[in-house]
Amino acid sequence: PRFQARRAGQFALIASLAALRGMPDHPAYSASKAGVLAYGEGVRAALRTNGIAVSVILPGYFASALDDQWHGPKPLAMPLDRMADRVASAIRRRVGRVSIPRRLGLALRLLALLPSGLGDRLIAMNRLTYQPGDGP
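Residue numbers (the numbering used here): 70 to 205.
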């Protein structure tokens, strides 16, 4: 309400690149992040004429204590500080939606254009899955 009264403001929602494609080892996580993405895009569209910016951030893999608990390939993973810099930059630029890294976001969007069976096989072939580890 304060943003609307001022007709200015910004907020950011953190989703995940997992929002772009249901992954076999964590479908509930993918679904929850897809919900964040859809909500953010809807709110952004609703508030666009009020001067309120909404950014939806779709991070991929980055080094963190949580990430250390997962095993398997982590395509285009980056250090936490680099991810944080990219997120901060997107927010400063008031980007509506950003995939970090862009290449992985593009690959997942292209994957969504394929017939589902082919997309499922490509996910399996390229091992774009991971399993939770025992953790610290």
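No residue lacks a Cβ here, since even glycine has one placed at the ideal position from N, Cα and C.
Test item: CB-CB of residue i and residue j under 8 Å
{"i": "A181", "j": "L89", "result": "yes"}
{"i": "P93", "j": "G129", "result": "no"}
{"i": "I123", "j": "F80", "result": "The sequence shown places Val at residue 123, not Ile. In this structure, F80 lies closer than 8 Å to V123 by Cβ."}
{"i": "S101", "j": "G91", "result": "no"}
Classification of residue i by the beta-carbon crowding that lies within 10 angstroms, buried from 16 upward
{"i": "G109", "result": "buried"}
{"i": "S133", "result": "exposed"}
{"i": "G174", "result": "buried"}
Any non-hydrogen atom of the ligand MG within 7 Å of residue i CB
{"i": "D154", "result": "Among the components of this structure there are no ligands whatsoever, and the ligand MG is therefore not found."}
Cα-Cα separation, residue i to residue j
{"i": "F131", "j": "L149", "result": "6 Å"}
{"i": "A153", "j": "G111", "result": "25 Å"}
{"i": "R76", "j": "R166", "result": "21 Å"}
{"i": "S185", "j": "R113", "result": "29 Å"}
{"i": "P96", "j": "M147", "result": "23 Å"}
{"i": "S168", "j": "P142", "result": "19 Å"}
{"i": "Q138", "j": "T118", "result": "43 Å"}
{"i": "L82", "j": "L145", "result": "22 Å"}
{"i": "A74", "j": "V156", "result": "27 Å"}
{"i": "L135", "j": "R172", "result": "23 Å"}
{"i": "R161", "j": "V105", "result": "20 Å"}
For residue i, the residue or residues it bridges with in DSSP
{"i": "Q79", "result": "A122"}
In chain order, which alpha helix (DSSP H) runs of at least 4 residues are fully inside the region 123-200?
149-161, 171-182, 185-194
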